[in-house]
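Quick notes on the structure that follows.
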Amino acid sequence: MKFNLQYIAKLANLPLKKDEEEKLSDQLNSTLDYIKMLSEVDTQDISPTSQVTDQTNVLREDKALPSFSQEDALANSKHTYNGFFKVKAILKNE
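Sequential numbering of the sequence shown, starting at 850, is according to the working numbering.
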């Protein structure tokens, strides 16, 4: 299969050096060859599946349960503002 490596690299925002282009080209060709081989497998009688482990959902159903009131939740906080926890900023503007 033919592909334009420079175009793919541009779409992926990957600046490539000459030696990297050769290596990536070989790897991409290998991947495409494998996909071609997989596309030749007869899957006519195979039913679609979204997972193959036969595991079922082990999580409980999400139910709304009674909780703390806002006042109780904020009771031990040193700093609050308009009914919310007040903390120092952890992100910087860049």
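Note that the Cβ used here is the ideal one computed from N, Cα and C, for glycine as well.
Secondary structure of residue i, DSSP reduced to three states
{"i": "T929", "result": "strand"}
{"i": "L854", "result": "helix"}
{"i": "I895", "result": "coil"}
{"i": "L873", "result": "helix"}
Proximity winner among the options, relative to residue i (alpha-carbon distances)
{"i": "L874", "options": "L863, T892, K866, L854", "result": "Note on residue identity: the sequence assigns Ser, not Leu, to residue 874. Checking every option, the nearest Cα to that of S874 belongs to L854."}
{"i": "K851", "options": "L877, Y883, Q919", "result": "L877"}
Euclidean distance between Cα positions of residue i and residue j
{"i": "F917", "j": "V936", "result": "20 Å"}
{"i": "T898", "j": "T880", "result": "23 Å"}
{"i": "L887", "j": "D903", "result": "23 Å"}
{"i": "F933", "j": "L923", "result": "7 Å"}
{"i": "P915", "j": "D921", "result": "13 Å"}
{"i": "T905", "j": "E871", "result": "45 Å"}
{"i": "K927", "j": "L940", "result": "21 Å"}
{"i": "D882", "j": "E889", "result": "11 Å"}
{"i": "D894", "j": "K885", "result": "20 Å"}
Beta bridge counterpart(s) of residue i as assigned by DSSP
{"i": "F934", "result": "T929"}
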